[in-house]
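*Asks:* Before anything else, here's the structure in question.
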Amino acid sequence: MNFQEIYNEHKNRVYNLALNYVQNLEDAEEITQDVFVTVYQSFHSFQENSALQTWIYRITINNALDFLKAKKRKKRFAFFTSIFYEDSNDIKYNPPEFNHPGVLLEDKEALENLFKKINTLPDKQKTALILHKIEQKSQKEVAEIMTLSSKAVESLIQRAKINLSKKIETNEGK
Amino acid sequence: MDLEKLGKIQKVETPPFLFTKIQQKIELSKKEKMPKNISWALSISFALLLVINGFVFFNTNSKTNTTENYASAIHLTSNNSLYK
Chain A
-13 MNFQEIYNEH KNRVYNLALN YVQNLEDAEE ITQDVFVTVY QSFHSFQENS
37 ALQTWIYRIT INNALDFLKA KKRKKRFAFF TSIFYEDSND IKYNPPEFNH
87 PGVLLEDKEA LENLFKKINT LPDKQKTALI LHKIEQKSQK EVAEIMTLSS
137 KAVESLIQRA KINLSKKIET NEGK
Chain C
2 MDLEKLGKIQ KVETPPFLFT KIQQKIELSK KEKMPKNISW ALSISFALLL
52 VINGFVFFNT NSKTNTTENY ASAIHLTSNN SLYK
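Quick mapping for you: the protein sequence lines, in order, are chains A and C.
Residue numbers for the first sequence follow the working numbering, beginning at -13 and rising by one.
Residue numbers for the second sequence follow the working numbering, beginning at 2 and rising by one.
This is the structure:
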């Protein structure tokens, strides 16, 4: 299987998973590019002790999480520069709009709010929830991708749901 | 809390020309690798140079000490007084 064949087979999977992490097209495209560059560079080290799809899922998850961490760092830096420089409009970080094309119009507002809460979950809970609820993977498949036991995945999903409920209650209480 | 709405999110197609952009990034990453190799080679050369210089420096010092030892053994001295 050559690189283009791998790309054609997995591109939508990677792009959609990235979109579920960042909820906008531009960032999802950037992550997708980085994922396939990594796939190209690291293919020689792929030891086939898991399916290619699983390996690519893992690279996508790691790249998406790294991307989000880098964005948070930029945001913090922009905050500090705005303290010291009054006219720092060109440095300030502006978070992109919620622009997930896979979301139906009637669900847009509800999902935008839900994603805001999902984005605040710890990485493992977020990943387990995205893979299980959005990517529709079984707990066993999620466990294989995250190299965890099924029980651990079940626990992560439960904790994610509890955390989301608490955040929604706090929001409604305001 | 309606997590079931998450299951209704539809899959989207990747944008066109994405593969071309990926190929460009791969080519760029290949070019960036070269300068890193050169900087590593330079760093190692510099480190080796320091080690060799240090070796020569300490070796020279020990030779000077040997010369002084010989001089004192045969009573050679820088004192020009003949009548001491």
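Even glycine gets a Cβ: it sits at the ideal position worked out from N, Cα and C.
#1: Along chain C, in chain order, which residues have C-beta atoms closer than 7 angstroms to that of residue 87 of chain A?
#2: Using 8 angstroms as the Cβ pair cut-off and three pairs as the minimum, do the stretch 34 to 42 of chain A and the stretch 26 to 46 of chain C touch?
#3: Could you pull out every residue in the same chain whose Cβ sits closer than 8 angstroms to the Cβ of residue 75 of chain A, ignoring the five residues on either side in sequence?
#4: Quick one: using the 10 Å Cβ neighbour count with 16 as the cut-off for buried, is residue 73 of chain A buried or exposed?
#5: Where are the alpha helix (DSSP H) runs, 4 residues long or more, that stay fully inside the stretch 81 to 124 of chain A, in chain order?
#6: Measuring alpha carbon to alpha carbon, tell me which residue in A:109, A:-13, A:-11 and A:14 is nearest residue -1 of chain A.
#7: Can you list, in chain order, the residues of the stretch 91 to 107 of chain A whose Cβ is nearer than 8 angstroms to any Cβ on chain C?
#8: Please report the distance separating the alpha-carbon of residue 20 of chain C from that of residue -7 of chain A.
#9: Please classify residue 72 of chain C as buried or exposed, where buried requires at least 16 other C-beta atoms within 10 Å of its C-beta.
#10: Specify whether the stretch 25 to 33 of chain C and the stretch 110 to 125 of chain A touch according to this definition: at least 3 beta carbon pairs, one from each stretch, less than 8 angstroms apart.
#11: Between the Cα of residue 88 of chain A and those of C:54, C:7, C:13 and C:61, spot the shortest distance and give me the residue it belongs to.
#12: In this structure, how does DSSP classify residue 132 of chain A when only helix, strand and coil are distinguished?
#13: Taking Cβ-Cβ distances shorter than 7 angstroms, what residues in chain C pair up with residue 140 of chain A?
#14: Ordered along the chain, which non-local residues of its own chain (more than five positions away) have a Cβ less than 6 angstroms from that of residue 20 of chain A?
#15: According to DSSP, simplified to helix, strand and coil, what is residue 82 of chain C?
#16: So, with DSSP's three-state summary, where would you put residue 7 of chain C?
#17: Answer with buried or exposed for residue 9 of chain A, where buried requires no fewer than 16 other C-beta atoms within 10 angstroms of its C-beta.
#18: Can at least three beta-carbon pairs, one atom from the stretch 106 to 120 of chain A and one from the stretch 139 to 157 of chain A, be found at a separation below 8 angstroms?
#19: Listed from N- to C-terminal order along the chain, which residues in the stretch 6 to 24 of chain A have their beta-carbon within a distance smaller than 7 angstroms of any beta-carbon of chain C?
#20: Shorter than 7 angstroms from the beta carbon of residue 18 of chain C to some beta carbon of chain A?
#21: Between A:33, A:54, A:16 and A:25, which has its C-alpha nearest residue -5 of chain A's C-alpha?
*Replies:* The answer reads as follows:
#1: 13
#2: no
#3: Bear in mind that a pLDDT of 47 at residue 75 of chain A, under 50, signals an unreliable position, so the number given afterwards is only what the model happens to contain. Excluding residues within five positions, none has a Cβ falling inside 8 angstroms.
#4: In this prediction, residue 73 of chain A scores a pLDDT of 49, lower than 50, which makes its location untrustworthy; the coordinate-derived value is nonetheless stated afterwards. So residue 73 of chain A ends up on the exposed side.
#5: 94 to 104 and 109 to 115
#6: Nearest neighbour of residue -1 of chain A by Cα position, chosen from A:109, A:-13, A:-11 and A:14, turns out to be A:14.
#7: 93, 96, 97 and 100
#8: 8 angstroms
#9: exposed
#10: no
#11: C:13
#12: DSSP places residue 132 of chain A in helix when its eight states are reduced to three.
#13: Per Cβ cutoff of 7 angstroms: no residues; residue 140 of chain A is ~15 angstroms from chain C at best.
#14: 49
#15: coil
#16: If DSSP states are grouped into helix, strand and coil, residue 7 of chain C belongs with the helices.
#17: buried
#18: Segment contact: the stretch 106 to 120 of chain A against the stretch 139 to 157 of chain A, three or more CB-CB distances shorter than 8 angstroms; contact assigned.
#19: 15, 18, 19, 22 and 23
#20: no
#21: A:25
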